[in-house]
Structures are given as structure tokens and as C-alpha cells.
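Under our numbering, the residue at position 60 of the sequence shown is numbered 86, and the numbers go up by one with no gaps.
For glycine and all other residues, C-beta sits at the position ideal for the given N, C-alpha and C.
All values derive from a computational prediction rather than experimental measurement.
Working notes, structure below.
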Amino acid sequence: MPIGSPLMGRYDGDVLAGNWRRRKVVPEVEAELDLVVEDADSGFCGAVVGFEFGAVVLEDRHGRRRNFPLEPAAFLLDGQVVTLRRPAAEAAPARPRRTASGSVALDKVEARVARASRIWVEGIHDAALVERIWGDDLRIEGVVVEPLDGIDELPEAVRGFGPGPGRRLGVLVDHLVAGSKESRIVASITSSDVLVTGHPYVDIWQAVKPERIGIRAWPQVPRGRPWKEGVCAALGVAEPADLWRRILASVSSFRDVETPLIGAMERLIDFVTEPGEL
27 MPIGSPLMGR YDGDVLAGNW RRRKVVPEVE AELDLVVEDA DSGFCGAVVG
77 FEFGAVVLED RHGRRRNFPL EPAAFLLDGQ VVTLRRPAAE AAPARPRRTA
127 SGSVALDKVE ARVARASRIW VEGIHDAALV ERIWGDDLRI EGVVVEPLDG
177 IDELPEAVRG FGPGPGRRLG VLVDHLVAGS KESRIVASIT SSDVLVTGHP
227 YVDIWQAVKP ERIGIRAWPQ VPRGRPWKEG VCAALGVAEP ADLWRRILAS
277 VSSFRDVETP LIGAMERLID FVTEPGEL
């Protein structure tokens, strides 16, 4: 080109020098899954199927996959040079908060006014353990749990309660196994508005998984000896009250107790809260 040519100013310097891609303002595009782009250098065209080691993985129509670094101005989208960037990680959906029983916790829900229906358990230890695990659920449902002093007089107590539609009664019984005294007492209760469930353990203590209090198994107590006293003696604990505090403190959710107790309590709660039972 002759010196002084009018075209000289348009091509000052080497037009091929440097990286032309970096000098342009290139739009950034999120590399969303299934977005179809072309690698500007190789011409490989494919859909975004993932990311590996900081690179985007493209898959072409033949199922072939290749990795490409997410460099500036390295891709073509509909013929336009773009910079791909990895999408910002979406916040994982919050897991629902659970009650100690495993139910979904309901926020900003006030306790329901107590139903006429009730759940009875055999003693104050049973009531405390039920409260520890199912207390939140029972308050929302408006179900009151009341402790009995054993079940020897259960038939008379049921008649005094007067169960009926809208006034159901659930009873949780310890050591409810075939041939036991408890099973014979329960067999005498026939009202359709009363449900008696139970667990096979001699005492509610035994429904707590033994490893939760640091023992491999609950001690065997000779027949005829009070069970709680026998357990305390075998474990070297002076007073049943001391061991009970240790047991209750070890329970924080349904995972800390045996399955038969869980099943029995869930059935009772369902029974006294069935639709129509006010």
C-alpha cells in the first residue's frame, strides 16, 4: 500500500495482532442444562449436560461428550460470541422441621382446645415419656394424656369415663402379651369407642433402647421381684428415681425408643383424632 494512502488510517497496526475476542464486550450467559452452544475453537456443538473440574460438559447429537474450560468468549450461542458461566447454585429447599415424634412441625399453630377424648397411660413415667416424644403433636390435636395407677381397675374406670361418639378413649398398656394379667383385663373391654394398645415390655423403661443409657441390654430380673428395683440393683443404682432421670434424659425423639411403643402410640393418636371426633 503506498505511503500516505487514505486507507492507511483504517488499518493502523496489525489487525490480527492480539486476541480479538478479549477486546470485544462479550455477553455472559448462564450455562443452564440443555443449553446448546458451540465451542468457538473446535466447532464442537452440543447441549450442556453438566460440569466437571471447572469445565462445562457438552454432548452432541451423537451422544459424544467433551469438556471445555469456561474461558471468556469461548463459545457461540446462535452464532454470537458469548462467555459461559456456571449458574449460581440454587439454594437447597429447607427441610421441614420435625417434632420429636417425626411429624412435620407446624409453625404458628396454637394448641387446640382439649378434646373430650383422652389417652390413658399406666403411670407418671409413661406419661412423661409420651410427652417427651409426642407432646407437640398431642397439643396441636388437643389430646390430653392422663396417667393411671396401674390397670387393675381399668374396666371400672372406662365405665366411669363414659366413652361414646366424640368422646373416645385410648389406653396404653405395659406388658400386653398373650396370657398375661394385662391381656385378660383388656379382653373385658368391648366398647367400640375404646382402643387399648400396648407393648410387650414389663415396664415403660424397657421400651427405651438400652444403648441410649449406655448398656448393652436391660438386665433380667427374677420373677417375683419388683422389676424397677431389680434393674437398679443390677446396674448399681441406689434409687429408681435416679435411674429414671437418666433414662428420660436419654430420650429426645422416637428414634430412642423401641418400635412396638411407637406403633402403639401412633394407633391411639389416630383413633382419638379421627375426623368427626371433636
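- For isoleucine 230, no beta strand (DSSP E) segment is defined, and its DSSP state is neither H nor E.
- Runs of the beta strand (DSSP E) lying entirely within the stretch 140-212, each at least 3 residues long, are 144-147, 170-173 and 195-199 in chain order.
- Between the alpha carbons of tryptophan 160 and phenylalanine 101 lies a gap of roughly 58 Å.
- Taking C-beta separations shorter than 8 Å and ignoring five residues to either side along the sequence, the partners of glycine 176 in its chain run Glu148 and Gly149, following chain order.
- In this structure, DSSP gives alanine 73 an extended state, which the three-state scheme calls strand.
- Taking 8 Å as the cut-off, the beta carbon of proline 266 is found no closer than this to the beta carbon of glycine 256.
- Shown here, aspartate 65 sits in a strand according to DSSP, grouped into three states.
- Going by DSSP, phenylalanine 94 is part of no alpha helix (DSSP H) but of the beta strand (DSSP E) stretching over 91-95.
- Separation of glycine 186 and leucine 180 (C-alpha to C-alpha, rounded to the nearest whole angstrom) is 10 Å.
- Of all C-beta pairs linking the stretch 275-290 to the stretch 217-237, three or more are shorter than 8 Å, placing the two stretches in contact.
- Residue burial is scored here from C-beta neighbours: isoleucine 295 has at least 16 other C-beta atoms within 10 angstroms and is therefore classed as buried.
- Straight-line spacing of the CA atoms in valine 222 and valine 212 works out to 7 Å.
- Counting other Cβ atoms within 10 Å of its Cβ, histidine 88 stays below 16 and is therefore classed as exposed.
- Beta-bridge analysis with DSSP links glutamine 106 to Leu103.
- CA-to-CA, the gap between alanine 153 and alanine 114 works out to about 50 Å.
- In its chain, beyond the 5 residues on either side, Ala81 have a beta carbon closer than 6 Å to the beta carbon of proline 95.
- No Cβ-Cβ contact shorter than 8 Å links alanine 126 with glycine 168.
- Bounds of the alpha helix (DSSP H) holding glutamate 292 are 285-298.
- For the pair valine 170 and leucine 61, the Cα-to-Cα distance works out to about 58 Å.
- The beta carbons of valine 74 and alanine 57 sit about 5 Å from each other, so the pair counts as a contact at 8 Å.
- A distance of 8 Å or more separates the beta carbons of valine 263 and glycine 224.
- DSSP, read as helix, strand or coil, puts alanine 275 in helix.
- Contact annotation: leucine 274 and cysteine 258 have beta-carbon atoms that are not nearer than 8 Å.
- Separation of valine 107 and arginine 92 (C-alpha to C-alpha, rounded to the nearest whole angstrom) is 19 Å.
- Between the alpha carbons of leucine 103 and glutamate 78 lies a gap of roughly 21 Å.
- According to DSSP, residue pairing for alanine 81 in a beta bridge involves Glu78 and Pro95.
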